[in-house]
Amino acid sequence: MNGGAQMKEEHSKRKILSRKIGKMGNSLGISLPKVLIDKLHVSQGDEIEFIENSQGEIVLKKVKQMKIPEHVRPEVLEAFFDVFEEDEDILNDLRDR
Numbered sequence: 119m120n121g122g123a124q125m126k127e128e129h130s131k132r133k134i135l136s137r138k139i140g141k142m143g144n145s146l147g148i149s150l151p152k153v154l155i156d157k158l159h160v161s162q163g164d165e166i167e168f169i170e171n172s173q174g175e176i177v178l179k180k181v182k183q184m185k186i187p188e189h190v191r192p193e194v195l196e197a198f199f200d201v202f203e204e205d206e207d208i209l210n211d212l213r214d215r
């Protein structure tokens with residue numbers, strides 16, 4: 119994919135960046151302009167979320183990576199989250215007592 123980001127000012131406070139959608143293997147994709155890379159503090163391998171707000175706009179946000187403490191084994195943490203998802207109603211009921 120080639121081409122630079124095009125930026126235009128809308129009103130006095132909003133900046134609009136536009137990119138062309140290109141083919142990436144069997145998918146479609148866009149490249150992020152440097153100004154967004156810097157603003158989102160992302161680098162290759164990071165994840166971003168696409169969040170739809172109440173106005174129907176899509177917001178990009180970097181996914182925060184949690185570092186697991188050394189004394190916690192990842193499989194134990196994963197098992198905890200599995201139990202939490204299965205028994206969320208029970209745990210919420212206990213919390214509310």
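Note that the numbering used here has the sequence shown beginning at 119, numbered continuously upward.
Just so you know, even glycine gets a beta-carbon here, dropped at the ideal spot from N, CA and C.
Keep in mind it's a predicted model, so treat the numbers as computed, not measured.
Just curious, the alpha helix (DSSP H) that residue i is in, first and last residue?
{"i": "I186", "result": "Premise fails: I186 is in no alpha helix (DSSP H) and is neither H nor E."}
Can you tell me whether DSSP reads residue i as helix, strand or coil?
{"i": "K152", "result": "helix"}
{"i": "E175", "result": "coil"}
{"i": "E170", "result": "strand"}
{"i": "L195", "result": "helix"}
To the nearest whole angstrom, what separates the beta carbons of residue i and residue j, a pair I think is in contact under 8 Å?
{"i": "I148", "j": "I134", "result": "Contact doesn't hold; Cβ gap of about 14 Å is too wide."}
{"i": "L158", "j": "K180", "result": "5 Å"}
{"i": "F168", "j": "L154", "result": "Between L154 and F168 the Cβ distance is about 13 Å, and since that is not below 8 Å, they are no contact."}
Counting along the chain, where does the beta strand (DSSP E) carrying residue i start and finish?
{"i": "R132", "result": "132–136"}
{"i": "I208", "result": "Element bounds for I208: not the beta strand (DSSP E) but the alpha helix (DSSP H), 206–214."}
{"i": "S161", "result": "S161 -> no beta strand (DSSP E), and no H or E assigned at all."}
{"i": "G140", "result": "140–142"}
Compute the distance between the beta-carbons of residue i and residue j, then report whether it is under 8 Å.
{"i": "P151", "j": "R132", "result": "no"}
{"i": "F202", "j": "L209", "result": "yes"}
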